[in-house]
């Protein structure tokens, strides 16, 4: 009886299996890459109800970040400034500006302005601003500057997200915080860079810190034995 199917068709099941696995791998990689915060969140710059320019207020007028975001050093949240903060100046400055109409209405009606939040972590991740802008104690006191997470806010006409705020991004800093440490008095200084003396100080201070998820601090050699410490515990951020 003549052969109906060619000999190479015997490989069809294997080829289908290999193709399915390759397709699955490509799909997983595509989702991992293109659905990551590096692509979905970085660059997010929503339109705000009031066109507030950080470039004008921070770069030109030299307002300190903490004038508006008053809770950044004392509490878990930086805080959004109330209308009162805006009106401290705008009762005398640009009192007839059309751009500030909503601010004046908010002031008159006592109704809050609905600002659009840009930087947001998932609810299952605990983040405390005060724990980051002030780390260490005594001579080893330092800070993570605003621009480390929020970028050069002083150059932004419209605020945008510049870092992914993903778990891997956080862990990179927790494992090697030295490069992001700066003197406390320079928390809000934009464009700050460490000199040689401070670079040594960064390493000294980083060695005293044990931030949650610090992979570099999770295992250390003690008396010839590799010991695992709780610094890599998930509960530090997922409480």
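Residue numbers (the numbering used here): 587 to 825. Don't be surprised by glycine CBs; every beta carbon is placed ideally from N, CA and C.
The DSSP assignment places 687 to 695 and 715 to 719 as complete runs of the alpha helix (DSSP H) inside the segment 679 to 726, in order along the chain (cut-off: 4 residues). Per DSSP, the continuous alpha helix (DSSP H) segment holding residue 753 begins and ends at 753 to 761. As DSSP reads the structure, residue 666 sits in no beta bridge. Within the segment 600 to 640, the complete alpha helix (DSSP H) segments at least 4 residues long are 623 to 626, listed from N- to C-terminus. Boundaries of the alpha helix (DSSP H) around residue 732: 732 to 736. Under the three-state reduction of DSSP, residue 825 is assigned to coil, being neither helix nor strand. Distances from the CA of residue 673 to each of 751, 690, 774 and 729 were compared; the closest alpha carbon is that of 690.
By the neighbour-count definition (other C-beta atoms within 10 Å, threshold 16), residue 638 is a buried residue. One Cα belongs to residue 768, the other to residue 786, and the distance between them is close to 11 Å. Under the DSSP assignment, residue 790 falls in the alpha helix (DSSP H) whose first and last residues are 782 to 792. Per the DSSP secondary-structure output, residue 812 pairs in a beta bridge with 807. In the DSSP assignment, residue 654 falls within the unbroken alpha helix (DSSP H) covering 651 to 654. When 775, 678, 679 and 696 are compared, the shortest CA-CA separation from residue 719 is found for 775. Contact check for residue 671 and residue 654: beta-carbon distance about 6 Å, within the 8 Å limit, so the pair qualifies.
Under the DSSP definition of a beta bridge, residue 767 partners with 730.
Contact between residue 666 and residue 749 does not hold, since their C-beta atoms are separated by about 20 Å, which reaches or exceeds 8 Å. For the 8 Å CB-CB criterion, residue 715 and residue 663 form a contact. Rounded to whole angstroms, residue 603 and residue 609 show a C-alpha spacing of 10 Å. Under the 10 Å beta carbon count, residue 725 is surrounded by fewer than 16 other beta carbons and is classified as exposed. Taking a C-beta distance under 8 Å as the contact criterion, residue 739 and residue 640 qualify as a contact pair.
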